[in-house]
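Engineer:
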Amino acid sequence: MKITDLKTTFVTIPFDQGGFTTTGAPNIIKKSDSFTLIRVFTDEGITGIGVQDVHFPEWGTYVERLIKPILMETVISPTHVERFAAYIREQPMGRALSPMPCGVEIALWDALGKKAGLPIYKMLGAYQDRVKAYVSVLEEYPPWSPKKWAEYTERILQEGYKAIKLHVGKIWPEPEKTVEVVKTIRDACGYEFDLMVDVMHAWESKPVFDLPNAIKCARGLEKYGVLWLEEPLPHLLNPDLCAQLCEAVDIPITGGGAMNGWYNFKTLLEKKALDIVQPDVQHVGGISETRRIAVLAEAYGRVFEPHMWGVGIALAANLQILGCTQSQWLEYCYHPPYWTVDIRDCMLKEPFRIDKDGMVKIPDGPGLGIELNEEIIEKYAVR
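For the sequence shown, my numbering puts the final residue at 456, and the numbers step up evenly by one.
(1) In angstroms with no decimal places, state the Cα-to-Cα distance between L441 and E303.
(2) Report the rounded CA-to-CA distance for L341 versus I324, giving the unit in angstroms.
(3) Give the straight-line distance between the Cα atoms of V177 and I443, rounded to the nearest whole angstrom.
(4) Apart from the five residues on each side of it in sequence, which residues of its chain come closer than 8 Å, Cβ to Cβ, to W412?
(5) With the cut-off set at 7 Å, would you say Y214 and P307 are in Cβ contact?
(6) Using 6 Å as the cut-off, classify the Cβ of T340 as near or not near the heavy atoms of the ligand NAD, replying yes or no.
(7) With distance defined between alpha-carbon atoms, name the residue in K296, K279 and I386 nearest to T257.
(8) For I229 versus Y453, is the C-beta spacing smaller than 7 Å?
(9) Taking the alpha helix (DSSP H) that L197 belongs to, which residues open and close that run?
(10) If C397 sits next to L197, beta carbons under 8 Å apart, how far is it from one beta carbon to the other, in whole angstroms?
(11) Quick test of your reading: M381 and H356, contact by CB under 8 Å. State the CB separation rounded to the nearest angstrom.
(12) Taking just the CA atoms, how far does C290 sit from R168?
(13) Give me, in chain order, the residues of the same chain whose beta-carbon lies closer than 6 Å to that of P246; leave out the 5 immediate sequence neighbours on both sides.
(14) Rounded to whole angstroms, what is the Cα-Cα separation between K221 and A261?
(15) Let me confirm a value: G358 is counted as buried when at least 16 other C-beta atoms fall within 10 Å, else exposed. Which label applies?
(16) When the Cα atoms are used, what is the spatial distance from M166 to W132?
(17) Could you tell me the distance, in whole angstroms, from the CA atom of I435 to the CA atom of L392?
(18) Compare the Cα-Cα distances from V124 to each of L181, R156 and D116 and report the closest residue.
(19) Would you grab the beta carbon distance between M269 and V299 for me? Rounded to a whole angstrom, and I think it's under 8 Å.
(20) Quick one: what's D106 bridged to in DSSP?
(21) From I449 to A275, what distance separates their C-alpha atoms?
(22) Helix, strand or coil, according to DSSP, for Q125 in the structure here?
(23) Span of the alpha helix (DSSP H) holding D267?
(24) Could you round the C-beta distance between C175 and V376 to whole angstroms and report it? I think they count as a contact, below 8 Å.
(25) Would you mind reading off the limits of the beta strand (DSSP E) that contains A236?
(26) Applying the criterion that 16 or more other CB atoms from any shown protein chain within 10 Å of the CB defines a buried residue, is H128 buried or exposed?
(27) Since M145 and I161 are thought to touch, with beta carbons under 8 Å apart, how far apart are those beta carbons, to the nearest angstrom?
(28) Is it right to say Y207 is buried, meaning 16 or more other beta carbons lie within 10 angstroms of its own, or is it exposed?
(29) Tell me the rounded alpha-carbon separation between Y336 and K238.
(30) How about P130 and V455: do their beta carbons lie closer than 7 Å?
(31) Do you know whose CA, among I122, G438 and D428, lies nearest I386's CA?
(32) Could you tell me which of G329, E404 and T115 sits nearest to D267, measuring between CA atoms?
(33) What number of angstroms, rounded off, separates the C-alpha of G190 from the C-alpha of G438?
(34) Only counting the same chain, and skipping five residues up and downstream in sequence, which positions put a Cβ closer than 6 Å to that of E117?
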């Protein structure tokens, strides 16, 4: 099976109900979500599907011009997916091309799985066939009151979800405000569900969210059964500082969703800068790289729980990784009434939904185990 072509399609999916702003980009009204669909074609009629969380259409053209020759002249076949993974990891091009073309690597794995007639997670050695989902909701701007956060949480729990991760605290240097949100939610909704908190690079806040504030925030959240605190300090830029936080508090400290390369995660693990590492398959280097980091985390006695934000194709790739590891959680991005399951997965024939236990089944079809809804892709493709 030889690679014959590489093509990309930039797709923009409009939200159902207008738009909203977030604390991550308070001056931008988000009215849609976009992604780059990647297809790798072969001489056997098998097409591998990948995706990249990239929001400008020119990137796809750039990737086609740079990567297509590499695939056809160096990689040659999807069976040599590890050759491509090593290439983008080791060559200067891999780091200069921003973002790293992880979606191409995902497409190679999809083609290889289709050739073998197996889902990727079974090719890598299956561990589980379903995983617990936690709803990952955004922080809107202007920031909500604790009462509104509690009302929103209650609404999501009523839909049958068993766990929620809040993005809250990005623009609040005072940790008491984040803790107040969590306290109000627990008072209103109880403790019969799991709760995580992502303060979204809070160290970028003004005045600076420093180590004492991070410790204060972490200890405050510990009182309310929060499972982890995500990215309160610059773990890669200052791993020694983050290691002090991990040592000082009981709540696990997590991060790494925007990082690339197993070598960066190795640095964090050596420094004990994180309790839980969270590589994202669309950023870190693809499926092979993410799997490496899972093994590294186990070797260093740390936990591996991959990060995820994106459309259904990316969710499928993440599920394949979860299927061959001992990870407990799937990040299930969902922010109604805008970012819904039907919007997130509209490019798939079958959306990913939770079962009665709050879990998601790992696709058992060959490759990523998904079928594209070509009508939707054609409808929303940007020419």
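Each residue gets a CB set at the ideal place from its N, CA and C atoms; glycine is no exception.
Structural biologist: With the structure as the only source:
(1) Answer to the nearest angstrom: the Cα atoms are 28 Å apart.
(2) Distance between the alpha carbons of L341 and I324: 17 Å.
(3) Here the C-alpha atom of V177 lies approximately 16 Å from the C-alpha atom of I443.
(4) Counting only Cβ-Cβ distances below 8 Å, and skipping sequence neighbours, we find F88, D106, L211 and C406.
(5) No, these two residues do not count as a Cβ contact at 7 Å.
(6) Summarising the ligand content, the structure contains no ligands, and the ligand NAD is consequently not present.
(7) Closest option to T257, Cα to Cα, is K296.
(8) Not a contact, by the Cβ cut-off of 7 Å.
(9) Careful: L197 lies outside any alpha helix (DSSP H) and carries neither H nor E.
(10) L197 and C397 do touch by the CB rule: their CB atoms are close to 4 Å apart, below 8 Å.
(11) With a Cβ gap of about 10 Å, M381 and H356 do not count as contacting.
(12) Bear in mind that the predicted position of R168 carries a pLDDT of just 48, short of 50, making it unreliable; the figure below should be weighed with that in mind. Rounded to the nearest angstrom, the gap between the Cα atoms of R168 and C290 is 34 Å.
(13) When the five nearest sequence neighbours on each side are left out, the beta carbons in the same chain lying within less than 6 Å of the beta carbon of P246 are those of S278, P280 and F282, in order along the chain.
(14) Roughly 11 Å separates the two Cα atoms.
(15) Burial call: buried.
(16) With a pLDDT of 48 at M166, under the threshold of 50, the modelled position of that residue is not reliable, and the figure given next carries that caveat. Between M166 and W132, the C-alpha separation is close to 14 Å.
(17) Taking the Cα positions, I435 is about 6 Å away from L392.
(18) The option with the nearest alpha carbon to V124 is L181.
(19) About 6 Å separates the two Cβ atoms, so the contact holds.
(20) DSSP links D106 through a beta bridge to I86.
(21) When only Cα atoms are considered, I449 and A275 end up about 37 Å apart.
(22) Residue state, collapsed to three classes: strand.
(23) It is not in any alpha helix (DSSP H) - D267 instead sits in the beta strand (DSSP E) that spans D267 to D271.
(24) Approximately 22 Å separates the beta-carbon atoms of C175 and V376; this is outside 8 Å, ruling out the contact.
(25) In the DSSP assignment, A236 falls within the beta strand (DSSP E) that extends over A236 to H240.
(26) Burial call: exposed.
(27) Beta-carbon to beta-carbon, M145 and I161 are separated by about 16 Å, too far to satisfy the 8 Å threshold.
(28) So Y207 ends up on the buried side.
(29) Taking the straight line from one Cα to the other gives about 27 Å.
(30) The answer is yes: Cβ separation under 7 Å.
(31) Each of I122, G438 and D428 was checked against the Cα of I386, and the nearest Cα belongs to I122.
(32) Comparing Cα positions, the closest option is E404.
(33) Straight-line measurement puts the Cα of G438 at about 8 Å from the Cα of G190.
(34) Cβ neighbours of E117 beyond the five flanking positions: M74.
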